[in-house]
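Written below as structure tokens is the structure these notes are about.
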Ligand SMILES: [Zn+2]
Ligand SMILES: [Zn+2]
């Protein structure tokens, strides 16, 4: 990309192809795109736009299939076990319900939230937006609101992680009782595959562009002049800063707290109070990391003999059964990932505060990794919810959870909040890289904008 590409429009408007890299804050322009092309940030290689060949029909088809699987998953049982002449079956909400009955209502709500409620909301918002765009009966402003929320709930829909938790629970159950897989398991797998396919095929940039066109058409139809805040092309009243939208990634000329001209989300130059908020979540997570690993997460009673398991104890038991791959999986998910997140994020926050400009690329990549892997730590929490749902055979065999489980779940959630609050662009800002300001002022002068 040449510097010439970064020219403001006459009057100071920001061209629609401008992008601020969400990871390093570099101001750049999207190249001419064709289906199948990928636009990357020239500095940190962050994917800015992956243009899909069929941005609408394929995600809609997958989404509709996912809704059918979802409906079946909610009503049907997915696992049955029998032991000591008795029989138990579990639906997806049985685990959260048992957690509530054992006095861990918030933990139950969390499991229900990320396995049932959030996937449902995410799926619903995606289909509402895409079908609304196709039908043209729904107001484009409402569709934009729906799609904004779709982008936000994304990381909290954890059907894929739940399935891995199921795998671990299943292996442990076979040691206690005879286990039968039930039909909802297959629909759960179908739901995961369809949601992943829809997600992979969804082209957010294409959706935002289509939503913008739909809104302009409806404004013309209703003879509504564009609101002053919608388009800054006529010449903004105040010069404002160049602010990349955090939701739709369009660059706006705006003041802190204005709304994006495309998605109408609130704009912030950087995530508000990012460092302080990240630290707060991180410190809380560190404080809970100790009880999460010290206190038992499971009490397993079998024939009047009770064993207590901490997270590490559960891993040792898997090793005792000879289930090395599962033991490694749980060790990585429950011990390594949370620790890695705490250390990496703490290191990055210190580096920002020290205004250190070393290894920026490496740190940005590390941030992407901890952002991607964070949710997989929930495997153990899901495993616990499945075990307590099924093993309820009185004094013969019984599994209860304990204070270690909510502490561990809190660590996972708090580190996820810490990563969401963290703004990686601050790492690049910290050593006072002045390219953004100088670039803008030079462009302003070239475009004839008064300072
Ligand atoms: Zn970048
Ligand atoms: Zn936006």
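In the working numbering, the protein residues as written are 11 to 461.
Think of the CB as a built atom: it goes at the ideal place given N, C-alpha and C, for glycine as much as any other residue.
Could you name the residues of the same chain whose beta carbon sits closer than 8 angstroms to that of residue i, not counting the 5 residues immediately before and after it, in chain order?
| i | result |
| --- | --- |
| residue 255 | 261, 262, 270, 272, 273, 275 and 277 |
| residue 177 | 336 |
| residue 224 | 143, 146, 150 and 153 |
| residue 114 | 411, 415 and 416 |
Grouping DSSP H, G and I as helix and E and B as strand, with all else coil, what is residue i?
| i | result |
| --- | --- |
| residue 153 | helix |
| residue 27 | coil |
| residue 56 | coil |
| residue 402 | strand |
| residue 192 | coil |
| residue 49 | strand |
| residue 258 | coil |
| residue 64 | coil |
| residue 112 | coil |
| residue 82 | helix |
| residue 281 | coil |
| residue 148 | coil |
| residue 215 | helix |
| residue 431 | helix |
| residue 303 | helix |
| residue 358 | helix |
| residue 204 | helix |
| residue 122 | helix |
Please classify residue i as buried or exposed, where buried requires at least 16 neighbouring CB atoms within 10 angstroms.
| i | result |
| --- | --- |
| residue 160 | buried |
| residue 436 | buried |
| residue 145 | exposed |
| residue 204 | buried |
| residue 202 | buried |
| residue 213 | buried |
| residue 81 | exposed |
| residue 286 | exposed |
| residue 139 | buried |
| residue 282 | exposed |
| residue 83 | buried |
| residue 188 | exposed |
| residue 358 | buried |
| residue 108 | buried |
| residue 334 | exposed |
| residue 455 | Residue placement at residue 455 is poorly supported in this model, since its pLDDT is 44, which falls under 50; the coordinates are not used for a value here. |
| residue 183 | buried |
| residue 257 | buried |
| residue 158 | buried |
| residue 429 | buried |
In its own chain, which residues sit with a C-beta less than 6 angstroms from the C-beta of residue i, not counting the 5 before and 5 after it?
| i | result |
| --- | --- |
| residue 28 | 39 and 261 |
| residue 299 | 421 |
| residue 329 | 337 |
| residue 220 | 143 |
| residue 347 | 383 and 387 |
| residue 440 | 362 and 365 |
| residue 137 | 73 |
| residue 451 | For residue 451, the predicted structure reports a pLDDT of 46, less than 50, and the residue's modelled location is therefore unreliable. A value from the coordinates is still provided. Excluding residues within five positions, none has a Cβ falling inside 6 angstroms. |
| residue 141 | none |
| residue 174 | 389 |
DSSP has residue i in a bridge; who is on the other side?
| i | result |
| --- | --- |
| residue 410 | 309 |
| residue 96 | 93 |
| residue 263 | 252 |
| residue 269 | 276 |
| residue 319 | 308 |
| residue 137 | None; residue 137 has no bridge partner. |
| residue 10 | Here the chain has residues from 11 to 461 only, and residue 10 is not among them. |
Residues in the same chain with beta-carbon distance under 7 angstroms from residue i, minus the five sequence neighbours each way, listed in chain order, please.
| i | result |
| --- | --- |
| residue 279 | 251, 253 and 266 |
| residue 354 | 376 and 380 |
| residue 112 | 398, 410 and 411 |
| residue 438 | 34, 35 and 370 |
| residue 179 | 393, 396 and 397 |
| residue 96 | 403 |
| residue 331 | 185 |
| residue 171 | 385, 386, 388, 389 and 392 |
Review point. How about the segment 404-415 and the segment 298-305: do they share at least three Cβ pairs that are nearer than 8 angstroms?
Key: Yes, they touch.
Point to revise | Three or more C-beta pairs below 8 angstroms linking the segment 57-76 and the segment 362-381 | key: Not touching, per the Cβ criterion.
Practice item. Indicate whether the contact test is met: 3 or more Cβ pairs, each with one atom in the segment 193-208 and one in the segment 127-138, closer than 8 angstroms. Key: Judged by Cβ distances under 8 angstroms, the segment 193-208 makes contact with the segment 127-138, as three or more pairs qualify.
Review point. Looking at C-beta atoms only, is the number of pairs between the segment 165-175 and the segment 379-398 that lie closer than 8 angstroms three or more?
Key: Enough Cβ pairs lie closer than 8 angstroms, so yes.
Review point. For the segment 193-205 against the segment 89-109, are there 3 or more C-beta pairs whose distance is under 8 angstroms?
Key: Look at the beta carbons and you see the segment 193-205 touching the segment 89-109: at least three pairs across the two are nearer than 8 angstroms.
**Study point:** Inter-stretch contact (C-beta, 8 angstroms, three-pair minimum) for the segment 386-402 and the segment 117-130
**Key:** The segment 386-402 vs the segment 117-130: in contact.
Practice item. For the segment 306-326 and the segment 398-409, state whether three or more C-beta atom pairs, one from each stretch, are separated by less than 8 angstroms. Key: Yes, the segment 306-326 touches the segment 398-409.
Review point. Any contact of the segment 290-297 with the segment 418-427, i.e. 3+ C-beta pairs under 8 angstroms?
Key: Yes, since at least three Cβ pairs between the segment 290-297 and the segment 418-427 fall closer than 8 angstroms, the two stretches touch.
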